[in-house]
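In what follows, a structure is listed as structure tokens, so that the remarks can point back to it.
The structure is reproduced here in structure tokens:
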């Protein structure tokens, strides 16, 4: 058998498969995600801030586990929400402009808030 033609194959003869042009999807997602993250940040910040104010104002001398979990859940949500403006900016321009340290710090806030919220919701579920 002659394999000579196989080894002389050039990559210019191969066309890459592209199922669709997704530039319109990218431009839509840049606007949509930035807007969504901003709305969630504002509503979540106000809502969790009110929860914290109510829990602190009506704090009894002896708190039960549910109140402690709700307080910590609101704090975890606020940690998560603090990261959203950075992700909104990143979604809008598709480039991280805040440097390596802030990338790690914002990711840490996101993870702490996300997994902290899950932990306190599970704890309240088990307690009930």
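Numbering (this note's numbering), first residue to last: 23 to 150.
Cβ atoms here follow ideal geometry from the backbone N, Cα and C, with glycine treated the same way.
Going by DSSP, residue 126 is part of the alpha helix (DSSP H) stretching over 121 to 149. Judged by beta-carbon spacing, residue 77 lies beyond the 8 Å limit of residue 67, meaning their Cβ atoms are not closer than that value.
DSSP, read as helix, strand or coil, puts residue 82 in coil. Its chain contains 139, 142, 143 as the residues whose beta carbon lies nearer than 7 Å to that of residue 95, once the 5 sequence neighbours on both sides are disregarded; these appear in chain order.
The way I'd put it, the segment 51 to 59 does touch the segment 102 to 116; three or more beta-carbon pairs between them come closer than 8 Å. Exclusion of the five residues before and after residue 100 leaves 70 as the residues of its chain whose Cβ lies within less than 6 Å of its Cβ.
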